[in-house]
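Order-wise, the sequence lines are chains G and U.
Number 7 in this note's numbering belongs to position 19 of the first sequence; there are no gaps in the numbering.
Number 158 in this note's numbering belongs to position 152 of the second sequence; there are no gaps in the numbering.
Glycine residues also receive a C-beta, built at the ideal position from the N, C-alpha and C atoms.
The block underneath contains the structure these notes are about, expressed in structure tokens.
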Amino acid sequence: MKDKENEKYCGNCSYHNAYEYPSKVFCTYRLVKGLNPVVSTLWRCENWTPAMDKCFCIEDAKKQSRST
Amino acid sequence: MRREDFLTEPVKHIKLKPKMTVNELINQYNMSGSFGAGRLATACDIYEKMLRDDGCTIYLGLAGAVVPAGLRMVITDLIRKRMIDAIVSTGANMIHDFIEAIGGHHYKGHWFVDDYLLYKYHIYRIYDIFVPEEDFIKADEKFIQFFREIATEFKDRYLATHEFAWELGKRLDDPNSILRAAYEMKVPIFMPAARDCEFSYAFYLHSQMVKPEETLKIDSFKEVPVFIDLFRRSERNGMIIIGGGVPRNTIQHAAVTARKGIDYAIVITMDRPETGGLSGSTLEETISWGKVKREANKVMVTGEAVMIFPIIVASVMERLGENFYREQHPKGGIRE
């Protein structure tokens, strides 16, 4: 349970939107910084900020990565 | 009036037959002349009159999510066949046109659904239509690219919303796109509330990425004289309103400002007048403002536009035939 709470990924960061669900997300923080905004759902950077509400991105990205 | 003046035309009962065409059914509705059937048949008659009137400029007002629901090609065809001369739209309908133009989709869904589940899957709902968030995001990505290109091209010049719409259309290659067709046919799409949609989000991101002086500049007041000029130069003006809202009032207000009034009016809405909101206001109410002429050919069809509007268009296309040709109105289109 504790591990789950500590999970920090692009897929539960407040800057993310779906891009290629569930594997890739679009990061508006990176976009405005002039960086490639399309990143892996299961990646994260030092600017990670908690999303206001949880989505299924991480759960589904993990399922997908296990099945491939 | 005498008593017999009220009892001149009996209701003729609707007679159906196999393989009826759309217009044959509408003609039967006309025979009935009653309730929604009568109004729908009257709307077809009025639209036909507008199109056959050599001096009439036709304005289409679009509010409500009719593009995601399936009216995209109907509107594109009307532009390409010159069956409308100008569009006044919510920005959102053009957003949804754009989404499809770059390969996105709207999906058949259901109104009875767990919306929180959709939220967790990044899916947006428009009544019974589902739109994946990534299709919006990919549109945003393109908008940001296009906004920068347009801003660079026009530098400090402010664009009116119809110029902005043409600039977007110029950059799309989908022939089924409303924006693309409008650009090719030089039909203006005015979006008086352009920022009230995804354009606003894309603009916010764009504004974070460039210096303030390098942002796209749009001025919806700039087109006011251009729009009024259309009414002034037209012998007669006709409007077809889907929904109402800002697009309807933009058209009606221009008619007043031009001191012209509207000669033909079709409004398709499900709204009611008691709230005082424009979308449900009766065409009789508009007479008090001088927006629609007292003697205008006018009808309000109470119904859902995605169901009603294609029937009107199909019926009128059938009446006009394949070879019907109509020039741009007013002659020469818009003047800057």
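So that I know if they touch, is there some Cβ in chain U lying closer than 8 Å to that of Tyr3(G)? Along the first sequence, read from residue 1 onward, the residue named residue 3(G) stands at position 15. Answer no: the Cβ-Cβ gap between Tyr3(G) and chain U never drops below 8 Å.
Partner residues on chain U for Val20(G), Cβ-Cβ distance less than 7 Å: Counting from 1 along the first sequence, the entry for residue 20(G) is found at position 32. Ordered by position in chain U, the residues that pass the 7 Å Cβ test against Val20(G) are Leu211, Gln214 and Met215.
Flag this pair as yes or no: are the beta carbons of Met191(U) and Ala171(U) separated by less than 8 Å? What you label residue 191(U) is simply residue 185 of the second sequence in a count that begins at 1. What you label residue 171(U) is simply residue 165 of the second sequence in a count that begins at 1. Result no, Cβ atoms of Met191(U) and Ala171(U) do not sit closer than 8 Å.
Taking Cβ positions only, does Thr16(G) come closer than 8 Å to chain U? Numbered from its first residue, the first sequence carries residue 16(G) at position 28. At least one CB atom of chain U sits nearer than 8 Å to the CB of Thr16(G).
What residue range does the alpha helix (DSSP H) around Gly257(U) cover? Translated into the one-based positions of the second sequence, residue 257(U) becomes position 251. Correcting the residue identity first, residue 257(U) is Ile in this sequence and not Gly. Note, Ile257(U): alpha helix (DSSP H), Gly251 to Thr263.
For Glu(-5)(G), return the contacting residues in chain U, with the cut-off set at a CB-CB distance below 8 Å. Here residue -5(G) corresponds to residue number 7 of the first sequence, with the count starting at 1. Going along chain U, no residue has its Cβ under 8 Å from Glu(-5)(G), so there is no contact; the nearest lies around 16 Å.
Looking at C-alpha atoms only, which residue of Val298(U), Tyr35(U) and Ala92(U) is the closest neighbour of Phe233(U)? The residue you call residue 233(U) lines up with position 227 of the second sequence. Ranking the options by Cα distance to Phe233(U), first place goes to Ala92(U).
Checking 8 Å against the spacing of the C-beta atoms, do Ile64(U) and Ala47(U) come in under that value? What you label residue 64(U) is simply residue 58 of the second sequence in a count that begins at 1. What you label residue 47(U) is simply residue 41 of the second sequence in a count that begins at 1. No, these two residues do not count as a Cβ contact at 8 Å.
Report the partner residues of Cys15(G) according to the DSSP bridge assignment. Looking up residue 15(G) in the first sequence gives position 27. Beta-bridge pairing links Cys15(G) to His4(G).
When DSSP labels each residue in this structure, what does Thr292(U) get in the three-state scheme? As a working note, residue 292(U) is residue 286 in the second sequence. If DSSP states are grouped into helix, strand and coil, Thr292(U) belongs with the helices.
Cα-Cα separation between Ser183(U) and Pro74(U), rounded to whole angstroms: Sequence index remark: in the second sequence, residue 183(U) carries index 177 (1-based). Sequence index remark: in the second sequence, residue 74(U) carries index 68 (1-based). C-alpha separation (whole angstroms): 12 Å.
Nearest to His168(U) (by Cα), restricted to the options Asn329(U), Val230(U) and Ala320(U): Reading the second sequence from its first residue, position 162 is the one you call residue 168(U). The residue with the shortest Cα to Cα distance from His168(U) is Val230(U).
Starting from the beta carbon of Pro138(U), find every residue of chain G whose beta carbon is closer than 8 Å, and list them in chain order. Looking up residue 138(U) in the second sequence gives position 132. Those within 8 Å of Pro138(U) in chain G are Ala6 and Tyr9.
Arg265(U) versus Asn243(U), Met313(U) and Ile247(U), residue with shortest Cα-Cα distance: For the purposes of this step, residue 265(U) is identified with residue 259 of the second sequence, where counting begins at 1. When each option's Cα is compared against that of Arg265(U), the closest is Asn243(U).
By the 8 Å beta-carbon criterion, what residues does the region 32 to 48 of chain G contribute toward chain U? Asp41, Lys42, Cys43, Phe44 and Cys45
Can the beta-carbon of Pro336(U) be found closer than 8 Å to that of Leu236(U)? Counting from 1 along the second sequence, the entry for residue 336(U) is found at position 330. Counting from 1 along the second sequence, the entry for residue 236(U) is found at position 230. Contact flag set, yes.
Three Cβ pairs or more, each shorter than 8 Å: is that satisfied between the region 208 to 223 of chain U and the region 323 to 333 of chain U? no
If we define contact as Cβ-Cβ less than 8 Å, is Tyr381(U) a contact residue for chain G? As displayed, chain U neither begins before 7 nor continues past 342, which places residue 381(U) out of reach and without an answer.
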